[in-house]
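Here the structure comes first, spelled out in structure tokens, and everything after it is commentary.
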Amino acid sequence: MRAGLAAIVAGEPVTITEVDVRERAVRARAPEHALPRPGTREARQLRRWLTQVLIAERVVAREAGPGCGADAPTHAELLPDTLAHMEIGSVAAATLADPVGRAVFVRVTSGVDVSAAAVADYQARNPGRLPETAVAGHLRASARRRAYRRWLDARCAELVTLAPGYEHPGDPRQPDNTHSH
-16 MRAGLAAIVA
-6 GEPVTITEVD
4 VRERAVRARA
14 PEHALPRPGT
24 REARQLRRWL
34 TQVLIAERVV
44 AREAGPGCGA
54 DAPTHAELLP
64 DTLAHMEIGS
74 VAAATLADPV
84 GRAVFVRVTS
94 GVDVSAAAVA
104 DYQARNPGRL
114 PETAVAGHLR
124 ASARRRAYRR
134 WLDARCAELV
144 TLAPGYEHPG
154 DPRQPDNTHS
164 H
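Under our numbering, think of the first position of the sequence shown as -16, with each following residue one higher.
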């Protein structure tokens, strides 16, 4: 990979300068104590995460058609609460900050539905948690978030080449990985 690149998305470069710019923007918005000090393992992990967001945004933009985003649902409609954010993952959630990402979400997940059996099973396991009429919508929204995340992961795996040092933060092969269960 050429020097100065963090990644390549479908043949298009994502430069280290772009990662720098995104990091500066994040640091400008957040209190200093909320982010890792530059040069630390955690700061390198932040840069890896920012790279993942940049490449995911590129993949989503690549999938968008002309005028995509005009009739997109709101961010809150797709990610109404903390659980929904956790379910979809931080990178996929970041792509939904933009109307284009939300429109791609709708297109990618338009065929996702849940069966009557799944609704009945949920209702049996969670009596009284949700009114019966809300169960199908709740399960469908959850299934759509999972489908979008899987789609995005698959498209990134297909279209993206990462430079050394810009691997996914959870990649066990990178030296700063601290992810464990």
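Here a beta-carbon is modelled for each residue, glycine too, at the ideal position from N, C-alpha and C.
Computed from a predicted model, the values in this text were never measured in an experiment.
| request: Starting from P(-4), follow its DSSP beta bridges and name the residues at the other end. | output: Walking along the sequence shown from the start, residue -4 turns up at place 13. In the DSSP output, where bridge partners are listed per residue, P(-4) has I(-9).
| C-beta contact flag for R132 and G94 at 8 Å | The residue you call residue 132 lines up with position 149 of the sequence shown. The residue you call residue 94 lines up with position 111 of the sequence shown. Contact: no.
| field | Contacting residues, own chain, Cβ-Cβ under 6 Å from Q157 (five flanking each side not counted) | value | If you number the sequence shown from 1, residue 157 lands on position 174. Excluding residues within five positions, the ones whose Cβ falls inside 6 Å are E150.
| request: Determine the direct distance from the alpha carbon of D104 to that of A13, and round the result to whole angstroms. | output: Taking the sequence shown and counting its residues from 1, one reaches residue 13 at position 30. Taking the sequence shown and counting its residues from 1, one reaches residue 104 at position 121. If I take the Cα positions, the gap works out to 43 Å.
| message | For a quick check, are the C-beta atoms of V43 and V83 less than 8 Å apart? | response | As a working note, residue 43 is residue 60 in the sequence shown. As a working note, residue 83 is residue 100 in the sequence shown. It is a contact, given that the beta carbons lie within the stated cut-off.
| message | Taking a contact to mean a Cβ-Cβ separation below 8 Å, would you say E(-5) touches R41 in this structure? | response | Counting from one through the sequence shown, the residue named residue -5 turns up at place 12. Counting from one through the sequence shown, the residue named residue 41 turns up at place 58. Closer than 8 Å, so yes.
| message | Measuring only the C-alpha atoms, how far is R128 from D64? | response | The residue given as residue 128 occupies position 145 in the sequence shown. The residue given as residue 64 occupies position 81 in the sequence shown. Going from the Cα of R128 to the Cα of D64 covers about 12 Å.
| field | Separation of T57 from I31, as counted between CA atoms | value | Position 48 of the sequence shown, counting from 1, holds the residue named residue 31. Position 74 of the sequence shown, counting from 1, holds the residue named residue 57. Here residue 31 is Arg; the residue named in the question, Ile, does not match the sequence. Spanning the two alpha carbons is a distance of roughly 28 Å.
| query | Of the residues G153, D154, R85, A146, which one's Cα is nearest the Cα of M(-16)? | reply | Taking the first residue of the sequence shown as 1, we reach residue -16 at position 1. Answer by Cα proximity: A146.
| A47 versus A(-7) - alpha carbon distance | Counting from one through the sequence shown, the residue named residue 47 turns up at place 64. Counting from one through the sequence shown, the residue named residue -7 turns up at place 10. Roughly 14 Å separates the two Cα atoms.
| Helix, strand or coil: how does DSSP classify T34 here? | For the purposes of this step, residue 34 is taken as the residue at position 51 of the sequence shown. In the structure shown, T34 sits in a helix (DSSP, three-state: H, G or I).
| said: Along the chain, where does the alpha helix (DSSP H) containing T144 start, and where does it finish? | reply: Reading the sequence shown from its first residue, position 161 is the one you call residue 144. First-last for T144: 143 to 145, but that is the beta strand (DSSP E), not the alpha helix (DSSP H).
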